[in-house]
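Numbering-wise (our numbering), the sequence shown opens with residue 8 and increments by one.
Worksheet: one structure, shown below.
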Amino acid sequence: MNKVLLSIIENLNDELIGTYRQLHENPELPNEEFETTKLIRKLLKKVDIEILD
């Protein structure tokens with residue numbers, strides 16, 4: 008596999024695992040997912056996905 012592609016996959020994997028851990032270490036009650044919402048919005052903005060309010 009291309010070394011550049013492998014590096015991208017490894018970095019993405021680390022980020023996904025970090026996000027997974029952060030979400031599961033900080034559970035929120037239903038309809039009170041304020042920190043989860045902040046995290047998801049931040050991740051979406053990072054990859055230039057438009058957020059509609």
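Glycine included, C-beta positions come from ideal geometry on N, C-alpha and C.
DSSP-derived helix/strand/coil call for D60: By 1-based counting over the sequence shown, the position of residue 60 is 53. Note: D60 maps to coil in three-state DSSP.
Own chain partners of R48 with C-beta closer than 7 Å, once the 5 adjacent residues on each side are dropped: Counting from 1 along the sequence shown, the entry for residue 48 is found at position 41. Taking C-beta separations shorter than 7 Å and ignoring five residues to either side along the sequence, the partners of R48 in its chain run I58, following chain order.
Pairwise C-alpha distance: S14 and P37: Sequence index remark: in the sequence shown, residue 37 carries index 30 (1-based). Sequence index remark: in the sequence shown, residue 14 carries index 7 (1-based). Their backbone Cα atoms lie some 37 Å apart in a straight line.
Backbone secondary structure at L12 - three-state DSSP: The sequence position of residue 12 within the sequence shown is 5, counting from 1. Residue state, collapsed to three classes: helix.
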